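Number of protein chains: 2
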Amino acid sequence: MRSLSAVSDAELELLRSLAERRERFVAGEELVSEGDMSIRPRFILSGWACRQRVLPDGRRQIFSFLLPGDGLGLDRRPGPELSSVVALTALETADATPVLNAVQAGHAPGLARALAAIEPQEQKLLLDHMVRLGRQTAYERVAHFLLELQRRLEVAGLGDNQRFPLPLTQEIMADALGLSIVHVNRTLQQLRRERLLELRSGVTILLQREQLADIADYRAPPVRPGAPLSAARSDLEDSAQY
Amino acid sequence: MRSLSAVSDAELELLRSLAERRERFVAGEELVSEGDMSIRPRFILSGWACRQRVLPDGRRQIFSFLLPGDGLGLDRRPGPELSSVVALTALETADATPVLNAVQAGHAPGLARALAAIEPQEQKLLLDHMVRLGRQTAYERVAHFLLELQRRLEVAGLGDNQRFPLPLTQEIMADALGLSIVHVNRTLQQLRRERLLELRSGVTILLQREQLADIADYRAPPVRPGAPLSAARSDLEDSAQY
DNA sequence: CGTTGTGTTGAGCCGAATCAACCCCGGTGG
DNA sequence: CCACCGGGGTTGATTCGGCTCAACACAACG
Chain X
24 MRSLSAVSDA ELELLRSLAE RRERFVAGEE LVSEGDMSIR PRFILSGWAC RQRVLPDGRR
84 QIFSFLLPGD GLGLDRRPGP ELSSVVALTA LETADATPVL NAVQAGHAPG LARALAAIEP
144 QEQKLLLDHM VRLGRQTAYE RVAHFLLELQ RRLEVAGLGD NQRFPLPLTQ EIMADALGLS
204 IVHVNRTLQQ LRRERLLELR SGVTILLQRE QLADIADYRA PPVRPGAPLS AARSDLEDSA
264 QY
Chain P
24 MRSLSAVSDA ELELLRSLAE RRERFVAGEE LVSEGDMSIR PRFILSGWAC RQRVLPDGRR
84 QIFSFLLPGD GLGLDRRPGP ELSSVVALTA LETADATPVL NAVQAGHAPG LARALAAIEP
144 QEQKLLLDHM VRLGRQTAYE RVAHFLLELQ RRLEVAGLGD NQRFPLPLTQ EIMADALGLS
204 IVHVNRTLQQ LRRERLLELR SGVTILLQRE QLADIADYRA PPVRPGAPLS AARSDLEDSA
264 QY
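Residue numbers (the working numbering), protein chains in the order written: chain X, 24 to 265; chain P, 24 to 265.
Structure, rendered in structure tokens:
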């Protein structure tokens with residue numbers, strides 16, 4: 024939240040109080056099904072999830088990844104859900120209803136600003152993903168994707184400017200990037216062989232971020248100044264591992 | 024609008040009054056640049072446009088098409104534009120500001136409902152497009168894409184259940200579908216050879232809609248009952264050709 | 001100690017891109 | 001009136017990125 028808007032102490036207190044009503048999911052569990060008519064608004068406290076759609080023949084397209092600090096169902100629009108949401112790791116969520124109520128009542132202008140900033144952010148991620156899928160090579164896609172994750176996780180206080188956790192199988196990356204598992208594997212190997220990154224047991228290190236950004240035409244979004252992020256996050260999610 | 028929500032006579036009158044302040048664009052003209060901080064909200068009265076992004080090396084990805092009756096900039100969110108909008112044909116637009124004002128003032132509940140329904144619709148189109156790009160073959164992509172256009176144009180009163188105008192070059196379809204021009208050409212030829220569709224001078228006829236839908240796993244969205252659409256549209260856009 | 005999921009590697013194939021012509025048609029200007 | 005030109009569509013030859021199929025290594029786990 025702090026990465027999106029200044030937030031008052033009272034608002035932070037409200038956010039902390041959410042942690043009381045946690046829900047837990049195991050990897051593979053479905054939080055939202057496509058077509059659901061209304062879902063509980065939540066924040067992700069720890070773990071990763073994704074939005075996806077599955078074709079009748081089993082092909083799958085992953086639209087986006089939900090990381091700790093991200094929300095789902097925050098817009099409270101009535102219509103049917105357009106994609107399902109699935110836990111990729113063990114997952115902890117908090118009910119976001121109190122926040123939405125406070126915002127609606129006008130009691131939390133800082134959080135209101137933050138929530139308003141979320142949608143454009145998600146939209147941007149979606150469009151970037153679409154460019155990857157439609158007009159980039161496998162090599163560019165993987166590089167771009169990892170740079171995006173690095174950025175998001177750093178903002179979330181879960182990584183630094185080159186190292187971050189990556190609890191995704193190559194199958195999941197393949198389904199996100201529109202590639203086959205085998206080809207994701209080979210592309211990652213090429214990037215490692217070229218000493219652009221390292222990948223070991225769920226931890227990724229971008230050795231040459233500049234060069235990767237060049238390869239993938241990755242334009243880093245401007246950093247919001249003056250928000251002590253890692254501190255803000257550990258407030259809320261001290262038990263988060265990724 | 025009527026396809027999204029019941030609209031009162033007074034509201035229709037308001038819509039009609041918009042046609043007074045038209046703007047015209049020629050094909051290729053840019054209505055919105057990526058990064059623009061605020062744009063005039065508009066409805067498209069006639070002609071086609073698209074949202075797109077261009078990579079530094081010239082590759083282009085088209086995200087969506089804007090058809091007569093569609094709007095842009097209706098959300099009035101402050102942030103920078105995430106994609107540019109370019110006219111694909113000669114284009115007429117109307118300033119949508121009066122509608123947004125009326126809605127904001129609470130004077131147009133029907134239009135408010137309609138506007139609220141627009142975003143999810145666009146989101147759905149975006150996700151469908153992403154599935155095409157990431158997980159469908161060229162053959163499936165083209166079929167799915169044409170079915171989607173058929174549906175949208177029929178709802179807009181600009182086509183019937185198998186025939187509709189298609190003022191797009193194969194280059195534009197290629198940039199939307201993530202394919203090369205040559206391959207779009209060959210795929211269209213295959214579809215014609217198989218007597219699934221006809222394509223002549225800007226008019227498309229889907230000869231076997233069912234079979235096409237089967238090929239592309241196209242799920243037609245449910246039709247809103249009881250909205251006399253073609254009538255509604257010719258009210259506002261009697262000069263529209265496509 | 002099997003089993004299962006994930007990563008890795010090789011061989012061969014195929015869908016789609018690229019490159020390069022060529023055609024047709026509608027301007028447009030001499 | 002006609003030669004020229006440029007954009008869009010079409011076609012063939014060739015290349016290549018990425019997929020499929022298949023096998024195997026390895027670790028976690030029951």
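We put the CB at the ideal spot given by N, CA and C, even for glycine.
Note that the coordinates shown come from a computational prediction; the quantities given were computed from them, not determined experimentally.
Local Cβ density within 10 Å of X:Q127, reported as buried at 16 or more and exposed below that:
By the neighbour-count definition (other C-beta atoms within 10 Å, threshold 16), X:Q127 is an exposed residue.
Under a three-way DSSP split, which group does P:P121 fall into?
P:P121 falls in the helix class under three-state DSSP.
Report, in whole angstroms, the separation of the C-beta atoms of P:A166 and P:L111, which I expect to be a contact under 8 Å.
The Cβ separation is near 21 Å, so there is no contact.
Chain P within 8 Å of X:L41, Cβ atoms only:
False, the Cβ-Cβ gap to chain P never drops below 8 Å.
Does the beta carbon of P:P79 come closer than 8 Å to any beta carbon on chain X?
With 8 Å as the cut-off, P:P79 counts as an interface residue toward chain X.
Looking only at C-alpha atoms, which of X:I195, X:D59, X:R76, X:A179 sits nearest to X:F66?
Nearest neighbour of X:F66 by Cα position, chosen from X:I195, X:D59, X:R76, X:A179, turns out to be X:A179.
Let me check one thing: in DSSP terms, what residues is X:P188 bridge-paired to?
Answer is X:V226, bridged to X:P188.
Verify the CB distance criterion: does X:S253 have a CB-CB separation below 8 Å to chain P?
Here the model assigns X:S253 a pLDDT of 43, short of 50, so the residue's position is not dependable, and the following value carries that caveat. The C-beta of X:S253 comes no closer than 8 Å to any C-beta of chain P.
Between the Cα of P:S87 and those of P:V49, P:A197, P:L138, P:L134, spot the shortest distance and give me the residue it belongs to.
Of P:V49, P:A197, P:L138, P:L134, the smallest CA-CA separation from P:S87 is found for P:A197.
I'd like to know whether the C-beta atoms of X:I141 and X:G94 end up nearer to each other than 8 Å.
In contact: X:I141 and X:G94 (Cβ atoms closer than 8 Å).
In this structure, does DSSP put P:L114 in helix, strand or coil?
Residue state, collapsed to three classes: strand.
Give the DSSP bridge partners of P:L150, in chain order.
Note: P:L150 sits in no beta bridge, so no partner.
Using only the alpha-carbon positions, how far apart do X:H130 and X:R136 sit?
When rounded, the distance between both Cα atoms is 12 Å.
Beta-carbon contacts of P:L27 that lie in its chain and below 6 Å, excluding the five residues immediately before and after:
Listed in chain order, the non-local C-beta contacts of P:L27 below 6 Å within the same chain comprise A137, A140, local neighbours out to five positions each way being set aside.
Report yes if the C-beta distance between X:V108 and X:L89 is below 8 Å; otherwise report no.
Contact: yes.
Mapping DSSP to helix, strand and coil, what is P:E52?
P:E52: coil per DSSP, three-state reduction.
Which residue's Cα is closest to the Cα of P:R186: P:R232, P:E53, P:Q144, P:R47?
For the residues P:R232, P:E53, P:Q144, P:R47, the minimum Cα distance to P:R186 belongs to P:R232.
Among all the DSSP beta bridges, which residues are the ones paired with P:S87?
Answer by DSSP bridge pairing, in chain order: P:R74.
Hey, could you find the ends of the alpha helix (DSSP H) P:L35 is sitting in?
Its alpha helix (DSSP H) spans residues 32 to 41.
Distance cutoff 8 Å, beta carbons only. Does X:V266 sit that close to anything in chain P?
The structure shown does not extend to residue 266 of chain X, since chain X is modelled only from 24 to 265, so the question has no answer here.
Let me know if P:S106 comes out buried or exposed under the rule of 16 or more other beta-carbons within 10 Å of its beta-carbon.
The residue in question, P:S106, is buried, as its Cβ has 16 or more Cβ neighbours within 10 Å.
Based on the DSSP output, what are the partners of P:V108 in its beta bridges?
BP columns for P:V108 point to P:V55, P:R74.
On the CB-based measure, 16 or more other CB atoms within 10 Å of its CB, does X:R218 come out buried or exposed?
Classified as exposed, X:R218 has fewer than 16 neighbouring CB atoms from the shown chains inside 10 Å of its CB.
Any chain P beta carbon closer than 8 Å to X:F86
At least one CB atom of chain P sits nearer than 8 Å to the CB of X:F86.
Drop a sphere of 10 angstroms on the beta-carbon of X:A243, count the other beta-carbons inside from all chains shown, and report buried for 16 or more, exposed for fewer.
Burial call: exposed.
Leaving out five residues before and five after X:M60 in sequence, what residues of the same chain have Cβ atoms less than 7 Å from its Cβ?
Cβ contact annotation for X:M60 (same chain, cutoff 7 Å, sequence separation greater than five): P103, in chain order.
To which residues of the same chain is X:N208 closer than 7 Å at the C-beta, ignoring the five residues directly before and after it?
Here the set comprises Q193.
Closer than 8 Å at the beta carbon, the chain P residues around X:G129:
Here the premise fails: no neighbours, minimum Cβ distance about 17 Å.
Backbone secondary structure at X:M196 - three-state DSSP
Reduced to three states, the DSSP call for X:M196 is helix.
Could you tell me which residues DSSP puts in a beta bridge with X:E221?
X:I228, per the DSSP bridge assignment.
Output yes if chain P places a C-beta closer than 8 Å to the C-beta of X:P132; else output no.
Not a single CB atom of chain P sits nearer than 8 Å to the CB of X:P132.
Where X:Q146 meets chain P, residues with beta-carbon distance less than 8 Å:
Those are L105, listed as they occur along chain P.
Under three-state DSSP, which class holds X:G182?
Coil, per DSSP.
Nearest-angstrom Cα distance between X:R158 and P:L229?
Straight-line measurement puts the Cα of P:L229 at about 28 Å from the Cα of X:R158.
Please confirm if X:D258 has its CB atom under 8 Å from at least one CB of chain P.
Summary for X:D258: the model assigns pLDDT 39, below 50, so the residue's position carries little reliability; its value from the coordinates is reported in the next sentence. It does not: the Cβ of X:D258 has no partner Cβ on chain P nearer than 8 Å.
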